[in-house]
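In my numbering, the protein residues as written are 1 to 56.
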């Protein structure tokens with residue numbers, strides 16, 4: 001992952017992580033599980049940075 005991709009993923013995390021955790025918590029009913037699931041989502045985004053960062 002290059003610097004540009006890192007910046008894009010970081011920007012997405014800063015902008016959306018809190019609302020994603022809240023939404024996920026409402027679905028699963030466990031705050032720690034919600035945090036883990038959102039973390040996994042962003043890890044997947046990092047692994048697939050080429051695809052995520054090239055999407056308009």
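Beta carbons: idealized from backbone N, C-alpha and C, even for Gly.
For residue 36, the enclosing alpha helix (DSSP H) stretches over residues 31–47. The C-alpha of residue 16 lies about 15 Å from the C-alpha of residue 46. Boundaries for residue 1: no alpha helix (DSSP H) harbours it, and the DSSP string shows neither H nor E there. Contact annotation: residue 21 and residue 34 have beta-carbon atoms nearer than 9 Å. Within 10 angstroms of the beta-carbon of residue 38 lie 16 or more other beta-carbons, which makes it buried.
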